[in-house]
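Numbering follows the UniProt record's numbering, in which position 57 of the sequence shown is assigned residue number 57; successive positions increment by one, without gaps.
Note that the Cβ used here is the ideal one computed from N, Cα and C, for glycine as well.
Keep in mind the model is a prediction, meaning the values are calculated, not measured.
As structure tokens, the structure follows; a few thoughts come after it.
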Amino acid sequence: MPENRSVLVVGLGRFGSAVATTLDALGQDVLAVDKDPELVNRWSSQIPTVQADMTDVLAIEQLNASDFDTAVVAIGDSVEASVITAGNLLDAGISDIWAKSVSKEHARILQRIGARHIINAETDAGKRVGHLVSGNYLDYIELEGAYSVVKIHTPPQFVGYTIGEAKIHDRYGVTIVGVKSPGHEFQYASNDLQLKRNDELIIMGKQDQIDHFIRG
């Protein structure tokens, strides 16, 4: 990914405003758009904002939307407005579209018209929180397909062993990507790296493999 991307965020509700302010804090070139003047006014002191209705092709042209690398369609209160906006942005030449969906049907329509990334904000967040609340993981990311990336403390049965000695990938199918020891820099995993009690392990694998590894 380039160091700096221009991102158009359409919709300044809770989801869209969080995306826009995060991108702005990360140094990305962000423009946030909403048709509601109150929302635009609320966020205008923190991020670049414009009031416009992006279901209108003329508004797309006036904002030079085609100049943006990426667009995030964060409209959640109208499926019709979300789909029309995504279609307009695709027609303007933005191929990297991230769109929030509010239902499976909404997601299916967005996929059919060509939105590259579909985000079901409530479901995705719910799964992540569920995994974190369970207490097994320090952090959890679900990848496309069957794989997940999780952060855990070293399971007690592996403390004192190197990754090679424990034959973790051969026995469990998971891959240790890296290790963060308290007070030390993150290290990419190698077979001779010894696992300590308070280490944080970043591991990748299928859900049943990860659960098997944690149980030992």
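By the neighbour-count definition (other C-beta atoms within 10 Å, threshold 16), Val-33 is a buried residue.
As for any beta strand (DSSP E) of minimum length 3 sitting wholly inside the segment 38 to 110, the runs are 49 to 51, 70 to 73 and 96 to 100, ordered along the chain.
Approximately 11 angstroms separates the beta-carbon atoms of Asp-67 and Val-7; this is outside 8 angstroms, ruling out the contact. Between the segment 146 to 166 and the segment 106 to 121, the count of C-beta pairs closer than 8 angstroms stays below three; the two stretches do not touch. Counting only runs that start and end inside the segment 14 to 40, the alpha helix (DSSP H) elements of at least 4 residues fall at 14 to 25.
By the Cβ neighbour-count rule, Asn-88 is buried, with 16 or more other Cβ atoms within 10 Å of its own.
Taken in chain order, the whole alpha helix (DSSP H) runs of length 4 or more contained in the segment 111 to 174 are 121 to 133, 163 to 166 and 168 to 172. Residue range 200 to 206 is occupied by the beta strand (DSSP E) that includes Gly-205.
Closest by C-alpha distance to Asp-24, out of Leu-39, Gly-13 and Thr-49, is Thr-49.
Out of Asn-198, Gly-27, Val-177 and Val-102, the CA that lies nearest to the CA of Asn-191 is found in Val-177.
With respect to the C-alpha of Thr-175, the residue from Val-40, Asp-139 and Lys-206 having the closest C-alpha is Lys-206. With fewer than 16 neighbouring CB atoms inside 10 Å of its own CB, Tyr-188 falls in the exposed class. Taking the Cα positions, Ala-121 is about 17 angstroms away from Thr-21.
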